[in-house]
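Everything below concerns the one structure shown next.
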Amino acid sequence: MNENTNGGKDSVPGAKAQANGNNNHKHNGTCNGSHNGNHDSEIALEAIDGLGISLPRVSGGTVVRGGGLDTLQDLKELDEHGPSFIEPFEPTERLTGDLEQYQRIEKAIHDLLDAFNVNWKDPNYTDTPKRVAKAYMEFWANGYGRQAEDEVTVFPNSSGSGDLVLVKDMKFYSLCSHHLAPFTGYGAIAYIANETLLGLSKLGRILDIYARRFQLQERIGAQTADKLMELLNPRGVMVVLYDVEHLCMSSRGVKLHEASTTTVATRGIFKNEAQLRSEVMSLIKS
Ligand SMILES: [Zn+2]
7 MNENTNGGKD SVPGAKAQAN GNNNHKHNGT CNGSHNGNHD SEIALEAIDG
57 LGISLPRVSG GTVVRGGGLD TLQDLKELDE HGPSFIEPFE PTERLTGDLE
107 QYQRIEKAIH DLLDAFNVNW KDPNYTDTPK RVAKAYMEFW ANGYGRQAED
157 EVTVFPNSSG SGDLVLVKDM KFYSLCSHHL APFTGYGAIA YIANETLLGL
207 SKLGRILDIY ARRFQLQERI GAQTADKLME LLNPRGVMVV LYDVEHLCMS
257 SRGVKLHEAS TTTVATRGIF KNEAQLRSEV MSLIKS
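The working numbering applies: residue 7 is where the sequence shown begins, and numbers increase by one.
As structure tokens, then:
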């Protein structure tokens, strides 16, 4: 076993997004989200009612360009960078990837199982602490060891195009910081470039970096949007995380098991222009 596992460059792009528009919902303080209902458009409609459209489930990975954006020509006066996500507490998480950290995680998992008095002679448990420690470092929390700047390259926007770029249906995996339970869903990232562009596959990479941590759904979207604003200085960014299932919610409570959560993070031009947000939402569900 490689005990010096280091964050890794695993590039699983994909995450469902969640969005916090200007006027829409806030997660209700638990990672369960406040939107209940079935897993289809009805649920999503409640979650994004500020946008007045429904958001059915989608699958696959799709890149969508442009799409009825003539109105953009008239929106320059609205082009501003909205407020960034403010961390209420200093983020101190780290992934050193060194042997000491690995051994501390291994011991923690050992102690957890020991609290249940597992039989360590059972081969189904013997190597579990090592296996779980490796999984945290390699997959579940590898985002702490990755920097977006190391994994993406920006290009000059030589065409000068101000069209919308949207990549949707990116599957993401995360762990809620409230229960350490998995939550998974899909992400869509839209942006309108200024001087620089980002390779399309790299949008999912950035989402993945922020998902593979101990997280809140809305925080993933906010951090992804802020990083894209920082890297590209675009006219705006919109990150939607949708059809997100939180195991901490779905695994308990019969009535909640089909609930899904949608969140939206908007920056720049998307923050003030409802028509543009609606355009993105309709492209996501198309
Ligand atoms: Zn939770």
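Backbone N, C-alpha and C fix where the C-beta goes; we use that ideal spot for every residue, glycine too.
Asked                                                                                                                                                         : Found
Does R273 have its Cβ less than 7 Å from a Cβ in chain C?                                                                                                     : Judged by its chain identifiers, the structure shown contains no chain C, having just a single protein chain.
Under the criterion of a Cβ to heavy atom distance below 6 Å, does A147 qualify as lining ligand 1?                                                           : no
Which of helix, strand or coil does DSSP assign to G242?                                                                                                      : strand
Between S257 and N123, what straight-line distance do the alpha-carbon atoms span, to the nearest angstrom?                                                   : 24 Å
Excluding five sequence neighbours on each side, which residues of the same chain lie with their C-beta closer than 6 Å to the C-beta of M293?                : Residue coverage of the chain in this structure runs from 7 to 292, which leaves residue 293 outside it and unanswerable.
Taking only runs of the alpha helix (DSSP H) that begin and end inside the stretch 207-283, which ones reach a length of at least 4 residues, in chain order? : 223-238, 253-256, 275-278
Which class does G166 belong to by DSSP, given the choice of helix, strand or coil?                                                                           : coil
Can you name, in chain order, every residue of its own chain whose Cβ lies under 6 Å from the Cβ of T230, other than the five neighbours on each side?        : I212, L213, Y216, V245
Is K233 near V158, with beta carbons less than 7 Å apart?                                                                                                     : no
So, helix, strand or coil for P135, using DSSP?                                                                                                               : helix
Would you mind stating whether F178 and G168 have Cβ atoms separated by less than 7 Å?                                                                        : no
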